[in-house]
Each structure stands twice: as C-alpha cells, then as structure tokens.
Amino acid sequence: MTEGGVWATHPPMFPLPEPMRLALDAARAAAESGEVPVGAVLIHDGKVIATAANAPRMLHDPTAHAEMRVIRAAAEKLGRERLEDCDLWVTLEPCAMCAGAIAHARIARVYYGASDPKGGAVEHGPRFFGQPTCHHRPEIYPGIGEAEAGEILRDFFRERRV
Numbered sequence: 071m072t073e074g075g076v077w078a079t080h081p082p083m084f085p086l087p088e089p090m091r092l093a094l095d096a097a098r099a100a101a102e103s104g105e106v107p108v109g110a111v112l113i114h115d116g117k118v119i120a121t122a123a124n125a126p127r128m129l130h131d132p133t134a135h136a137e138m139r140v141i142r143a144a145a146e147k148l149g150r151e152r153l154e155d156c157d158l159w160v161t162l163e164p165c166a167m168c169a170g171a172i173a174h175a176r177i178a179r180v181y182y183g184a185s186d187p188k189g190g191a192v193e194h195g196p197r198f199f200g201q202p203t204c205h206h207r208p209e210i211y212p213g214i215g216e217a218e219a220g221e222i223l224r225d226f227f228r229e230r231r232v
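The letter at position 124 of the sequence shown is residue 194 when you use our numbering, and the numbering goes up by one with no holes.
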C-alpha cells in the first residue's frame, strides 16, 4: 500500500484519468439529487463496466454507498463475486464497510480522490487493509483528483450549513 503517493503531494500537470473523471461526474450527480457526493467506477480489462453514485437516501438503504453499488453492478455484469482483475476508482477514501466489500471482492487496485479523516478506513480510522485479519490487500493509490473531489464535498456541505 502506498502512503500518500506522488498524486497526493504533486497535483497532476495533465488531465485526470478518465475513470476518475467519470467518478467525479457521478459524485456531482449524487450532489444534485441530495446525496453525499461520492462517485465510483469499476474498470475491467481497461474498460468501464460499472459507474455508481451514493444513493442511501434515494434507495432507503444505508449500504448504498457508491463503492457498494459499483461492486454489485460489476459482479452482476461479470457474473461472479470475485473481481480480482478489476480496478476501483472512487472520489472519497472508502469507509470500513466499503473496504470490507473491496477485500471480499478481491479488487486489485483502488484509486481514490479525497481523504476522509472522519469516516475513511484506508489511511484513516481502522486502516482496514493493514489489519492482520484482512485477507486481501489491494494496491492503494490515494489523492487522484483530490482537489476536485474535495471541492465537490465542501460545496455540498457548505450549502447545507447556510
């Protein structure tokens, strides 16, 4: 697992990778529908196979985080529960629930934008993938699209505090 990585300390001098662009678009769509703006994309063989946004309020489902929804959609599309040859792109550091699902799905790599000191479970909180009981540890690449993802989240919560 990388700690910080190049992306976290040096903003890219080129456009963000397409999967993160799509995840950011999904996060914006979530915000427009009143959901916490988090978006996720799952890639298989270099192709987008699923895109999802947070939808706990809309679906009346506390597990309807973007990561959970995109993992479910990808597993359904591929017809299997193991996604070991897939990459997850998400705009916010996954929580403990989502980190558990990532481990169970055996996702190869996780790329995420903004860190989440309160609810994150990758580099914050329980540091899920660093626990000795974690049976699968994906490669982690934090900070990709961090500024834009953070701005979307800050704007969303700022509007609700006014």
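We put the CB at the ideal spot given by N, CA and C, even for glycine.
Any 3 or more C-beta pairs closer than 8 Å across the segment 165–184 and the segment 198–210: yes
Quick check for students: name the residue ranges of the alpha helix (DSSP H) that lie wholly in the segment 159–220, counting only runs of 4 or more. 166–175
Quick one: give me the first and last residue of the alpha helix (DSSP H) that Leu92 is part of. Glu88 to Glu102
Leaving out five residues before and five after Glu151 in sequence, what residues of the same chain have Cβ atoms less than 6 Å from its Cβ? Ala145
Could you tell me whether the Cβ of Ala184 comes closer than 8 Å to any Cβ of chain C? Protein chain content of the structure displayed is limited to a single chain, and chain C is not contained in it.
DSSP three-state label for Val106, please. coil
Rounding to the nearest angstrom, what Cα-Cα distance links Ala143 and Arg228 in this structure? 31 Å
Own chain partners of Ala166 with C-beta closer than 8 Å, once the 5 adjacent residues on each side are dropped: Ala191, Gly195, Pro196 and Phe198
Just checking my contact of Ala93 with Glu137 at CB under 8 Å: how many whole Å lie between their CB atoms? Wrong, their Cβ atoms sit about 10 Å apart, outside the cutoff.
I'd like to confirm the pairing. Which residues does DSSP put opposite Lys117 in its beta bridges? His114
Given this structure, state the Cα-to-Cα distance separating Pro187 from Ser103, to the nearest angstrom. 25 Å
Can you find the residues in the same chain that come closer than 6 Å, C-beta to C-beta, to Ala101, ignoring five residues on each side of it along the sequence? Pro107 and Phe226
Based on the DSSP output, what are the partners of Ala122 in its beta bridges? Ala110
Trp159 and Pro85 look like a contact to me (Cβ under 8 Å); what is the Cβ gap, rounded to whole Å? Not quite, the Cβ-Cβ distance comes to about 14 Å (not below 8 Å), so this is no contact.
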